[in-house]
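Below is one structure, written out as structure tokens, with a few remarks after it.
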Amino acid sequence: MAHCVLWKPTFQASNANTTTISRNTPQAFSHFTYEASNHELLAVDIQGVGDLYTDPQIHTLNGHDFGKGNLGVLGFQKFLSSHRCNSICRYLKLPAVNPKSRHADSGTLPVQELMNRDRVRPTHFDSRHYYENAPMLQKYVTQCREMDSQLSSASSSNCSKRFRKRHSHEPSGFAYFCRVLFCGGY
2 MAHCVLWKPT FQASNANTTT ISRNTPQAFS HFTYEASNHE LLAVDIQGVG DLYTDPQIHT
62 LNGHDFGKGN LGVLGFQKFL SSHRCNSICR YLKLPAVNPK SRHADSGTLP VQELMNRDRV
122 RPTHFDSRHY YENAPMLQKY VTQCREMDSQ LSSASSSNCS KRFRKRHSHE PSGFAYFCRV
182 LFCGGY
């Protein structure tokens, strides 16, 4: 006689929009989105099963994009006041925001052998097919393509040497974030 057991995973909030929930990975991801977008976007309210996340709320500075849950600057303030940097934030070398003491840090921890390497091998992930047709992201996809086009044309102009010299050490900011996330390029 065979017995079947139905397993239904518990869907839980891992990073609430306005309260502190202590899961390291989604907390660090939210912090990363804030830093990688040059403080212009913040993904919060991350929920899911285990480490399979879905349904984020995105806050923007203007508070108008990504639906009614976008609290704008207030959302940024609520996250930053409740966030406690953890071992993943430290591993990613994100600027400290209310850091947890190392002794109080528990949960998901970065793999030590990878942390001691000079660099992590870069892996290209083409995310375009996920985002190109999403109506809420069209504005950002368009901005990304315009910035990429401007950067390409700037490289052929006389000012390209000055621009490259001034910005070659800055692989961050909103343009870089958009290019990686929406255009699949580095």
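In the numbering used here, the protein residues as written are 2 to 187.
Heads up, the beta-carbon is just placed ideally off N, CA and C, and yes, glycines get one too.
- Cβ contact annotation for residue 95 (same chain, cutoff 8 Å, sequence separation greater than five): 29, 32, 33, 36 and 86, in chain order.
- Residue 80 and residue 42 have their C-alpha atoms some 12 Å from each other.
- At a cut-off of 4 residues, the continuous stretches assigned as alpha helix (DSSP H) that sit fully inside the stretch 44-102 are 74-83 and 88-92.
- Sequence-distant Cβ neighbours of residue 73 in its own chain, meaning closer than 7 Å and more than five residues away, are 60, 61, 62, 63 and 64.
- Around the Cβ of residue 39, a 10 Å sphere holds fewer than 16 other Cβ atoms; the residue is exposed.
- Beyond the five residues adjoining it in sequence on each side, residue 57 comes within less than 7 Å, by CB distance, of 44, 45, 46 and 47 in the same chain, given in chain order.
- Here residue 70 has 58 as same chain residues with Cβ atoms under 6 Å from its own Cβ, once five neighbours each way along the sequence are excluded.
- Around the CB of residue 68, fewer than 16 other CB atoms lie within 10 Å, so the residue is classed as exposed.
- Considering only 77, 93 and 151, the residue with the shortest C-alpha distance to residue 26 is 93.
- Check the Cα spacing between residue 82 and each of 89, 90 and 99: the tightest is with 99.
- Taking C-beta atoms as the reference points, residue 66 and residue 140 count as a pair closer than 8 Å.
- DSSP links residue 42 through a beta bridge to 61.
- Put simply, the backbone Cα of residue 76 is about 23 Å away from that of residue 91.
- Annotated three-state conformation of residue 146 is helix, per DSSP.
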